[in-house]
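Working notes, beginning with the structure itself.
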Amino acid sequence: MHRFRALVAALGMVTLAWAMLAAPALAHGIGGKDAAFVASSAGAHIGPFLYLGAKHMVTGYDHLLFILGVIFFLYRLKHVALYVTMFSLGHSITLLAGVLLGWKANPYIIDAIIGLSVAYKAFDNLDGFRTLFGWTPDTRLMVLVFGLFHGFGLATKLQELHLSRRGLAVNLVSFNVGVELGQLIALSLMLGLILLWRRSRGFAQQAVIANVLILTAGFVLMQEQLIGYFLHRSA
Amino acid sequence: MTAASEGHAANPPSKGRLALLTAGGLVVASLITVCAVLPAEFHMDPTGFGKATGLMGLSAAPETTSAPASAAAKPGAPQILAREYPAPFRTDTIDIPLKAEGEIEYKVKMKAGQTLIYSWSVAAPPEEFYSDFHSQEWPQKGPKEVVVSHKVGVGVGGNGAMTAPFDGIHGWYLQNQSEKPVTVHLKISGFYDLLPGGQPPA
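Heads up: the sequence lines are chains A and B, in that order.
Each residue of the first sequence is one higher than the one before, starting from 307 at the first, in our numbering.
Each residue of the second sequence is one higher than the one before, starting from 263 at the first, in our numbering.
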């Protein structure tokens, strides 16, 4: 019976992942009228950039999946705060420095690494490093390092939009604060759901399946970006 | 839950099972990528799954709809390459001054099918001048304003031609993002009417 319920939960997650994959253009970059706004805005615009930062986080399933993986087995609020701080620290450093210093990287490679970060955390959740290699990399350090890559991705995408130098610092900090707000919103929601889920009897078994699915989603993200890289490099 | 399991599954799978699950995840991921992502995102369909499920349509769509409405070039339909107009064409050279961080809409009035050619340039830092070349329906026919953008982005000049997709006002939104005043030099020729002050008719 347990097995059956786990299967139903797993199918639900796969369907969700599928639905998300159907709209990657929506979920990932900054597009459409938002992009036009960013390119046409000179001077400080705190409100809009706050919103765009938050929107980018809330609708960016690659960031969300990583955060989900990070908090999946954290039972103490203290630990949640610690890991989320490591992640925020990482992506803030590269977001701010990246845009201000004009660092650019190939967005496909960065997004592939972000996909890898999702797969890494799921594998770590399954205790895969200890089981297979007898050694687990320091999770706090890994979350910080992958945070750096997530921020680098944000910086690369913002720069593609030709940010005006006028009011850049204010807009950038606004965007960054927005990212943290969006993360907080998404985090609260996920934490609430996962707390409810943990109280159900089948959680332990379902949690393993869920992490295998997150691992799978991470692989898909990585493969998609790598294909994009090779196709657009030759084009 | 004990603190010992903090951060990891309380019941991690055994070595063999973990290897199986990870390999399974990789296989399923590759299947999703090859069957669904490739056709939907990159318009490649090695398995035929994309065609069978209509996923190919997702990636083909932008190519057929991204052309501006004015193009209306149906394959097979003869494209109109020459047109005649009742009056001779006109030519105007206009200098548009813009203050530091200033902006303006400069538009002309045209009927559907009328053509103009243009060249414009501005001495501004290339990353600090933004323009949006577009057509706007006028007078407004419905509750929704119809606007077609021809070219949007940063840059300090452009040369080209445009045939009006509909009766309306057509031209540029120009925005100086630099801290110095600049002047846009615009030269247009063709079939159109100037608007007083570049503003829409009342």
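All C-beta atoms in this analysis are idealised placements derived from N, C-alpha and C, irrespective of residue type, glycine included.
Note that this is a predicted model, so its numbers are computed, not measured.
Which one of S381/B, G319/B, P388/B, E407/B has the shortest CA to CA distance from F395/B? Residue mapping note: residue 395/B aligns to position 133 of the second sequence, counting from 1. Comparing Cα-Cα distances from F395/B to each of S381/B, G319/B, P388/B, E407/B, the minimum goes to S381/B.
Leaving out the 5 sequence neighbours to the left and right, which residues in its chain are closer than 7 Å to S383/B when beta-carbon positions are compared? Locating residue 383/B in the second sequence gives position 121, where the first residue counts as 1. Correct list, in chain order: V418, G419, H447.
Anything in chain B within Cβ reach of N517/A, meaning under 8 Å, just list it in chain order. Residue mapping note: residue 517/A aligns to position 211 of the first sequence, counting from 1. Under the 8 Å cutoff, chain B gives A271.
Do you know whose CA, among Y426/A, G453/A, S398/A, lies nearest P443/A's CA? Here residue 443/A refers to the residue found at position 137 when the first sequence is read from its first residue. Of the candidates Y426/A, G453/A, S398/A, the residue whose Cα lies closest to the Cα of P443/A is Y426/A.
Given P274/B as reference, the closest of F379/A, R446/A, R505/A, T400/A once Cα atoms are compared: The count along the second sequence starts at 1 and reaches residue 274/B at position 12. Closest option to P274/B, Cα to Cα, is F379/A.
Shortest alpha-carbon distance to L495/A belongs to which of H538/A, D417/A, L374/A, V483/A? To locate residue 495/A, count along the first sequence from 1; it is residue 189. Residue L374/A is the option with its Cα nearest to L495/A.
Looking at C-alpha atoms only, which residue of H468/A, N431/A, N412/A is the closest neighbour of A513/A? As a first step, residue 513/A is located in the first sequence; it is residue number 207 there, counting from the start. It is N431/A.
Cα-Cα, which of L360/B, I431/B, K413/B is closest to Q439/B? Mapped onto the second sequence, residue 439/B falls at position 177. The shortest C-alpha separation from Q439/B is found at L360/B.
Beta-ladder partner(s) of D429/B, from DSSP: Here the question's residue 429/B lines up with position 167 in the second sequence. D429/B is bridged by DSSP to nothing; it lacks a bridge partner.
Closer than 9 Å at the beta carbon, the chain B residues around I533/A: The count along the first sequence starts at 1 and reaches residue 533/A at position 227. Ordered by position in chain B, the residues that pass the 9 Å Cβ test against I533/A are T295, V299, L300, E303, F304, M306.
If we cut at 9 Å on Cβ distances, does Q402/B have a partner in chain A? Start at 1 with the first residue of the second sequence, and residue 402/B comes out as number 140. So no, Q402/B is outside the interface.
For the region 359-381 of chain B, enumerate the residues whose C-beta is nearer than 7 Å to any C-beta of chain A, in chain order. E363
My understanding is that G421/A touches L527/A, with C-beta atoms under 8 Å, so please give their C-beta distance in whole angstroms. One-based indexing of the first sequence puts residue 421/A at position 115. One-based indexing of the first sequence puts residue 527/A at position 221. So it is a contact: roughly 3 Å between Cβ atoms.
Using a beta-carbon distance cut-off of less than 8 Å, what residues from the region 405-417 of chain B approach chain A? V414, G415, V416
Unbroken stretches of the alpha helix (DSSP H), 4 residues or longer, contained in the region 377-422 of chain A: 383-407
Contacting positions in the region 397-417 of chain A - beta carbon closer than 9 Å to chain B: none
Please state whether DSSP places N482/A in a helix, a strand or coil. Along the first sequence, one-based indexing puts residue 482/A at 176. In this structure, N482/A counts as helix in the three-state DSSP scheme.
Secondary structure at R436/A, three-state DSSP: helix, strand or coil? Residue numbering aside, residue 436/A sits at position 130 when the first sequence is read from its first letter. Helix, per DSSP.
Between L460/A and H362/A, how many whole angstroms is the CB-CB distance? I'm expecting something under 8 Å. In the first sequence, residue 460/A corresponds to position 154, counting from 1. In the first sequence, residue 362/A corresponds to position 56, counting from 1. At roughly 7 Å, the Cβ-Cβ gap stays under 8 Å, so L460/A and H362/A are in contact.
Span separating the alpha-carbon of K413/B from that of S393/B: Counting from one through the second sequence, the residue named residue 413/B turns up at place 151. Counting from one through the second sequence, the residue named residue 393/B turns up at place 131. Rounded to the nearest angstrom, the two C-alpha atoms are 8 Å apart.
So, do the region 384-399 of chain A and the region 521-540 of chain A have three or more beta carbon pairs nearer to each other than 8 Å? no
For T377/B and V289/B, what's the separation of their Cα atoms in angstroms? By 1-based counting over the second sequence, the position of residue 377/B is 115. By 1-based counting over the second sequence, the position of residue 289/B is 27. In a straight line, the C-alpha of T377/B is about 56 Å away from that of V289/B.
Among I352/A, T365/A, D417/A, whose alpha-carbon lies nearest the alpha-carbon of Q531/A? Working through the first sequence from its first residue, we reach residue 531/A at position 225. If we check each option's Cα against that of Q531/A, D417/A comes out closest.
Sequence-distant residues of the same chain with beta carbon closer than 6 Å to G404/A, five excluded per side: On the first sequence, position 98 is the one that residue 404/A refers to. Same-chain partners within the cutoff: F458, A461.
Counting along the chain, where does the alpha helix (DSSP H) carrying V364/A start and finish? As a first step, residue 364/A is located in the first sequence; it is residue number 58 there, counting from the start. Where V364/A is concerned, the enclosing alpha helix (DSSP H) stretches over 352-364.
Check whether chain A comes within 9 Å of S276/B, counting only Cβ atoms and requiring the distance to be less than that. Working through the second sequence from its first residue, we reach residue 276/B at position 14. It does: the Cβ of S276/B has a partner Cβ on chain A nearer than 9 Å.
List, in chain order, every chain A residue whose beta-carbon is nearer than 9 Å to that of S292/B. Walking along the second sequence from the start, residue 292/B turns up at place 30. Correct list: F525, V526, Q529.
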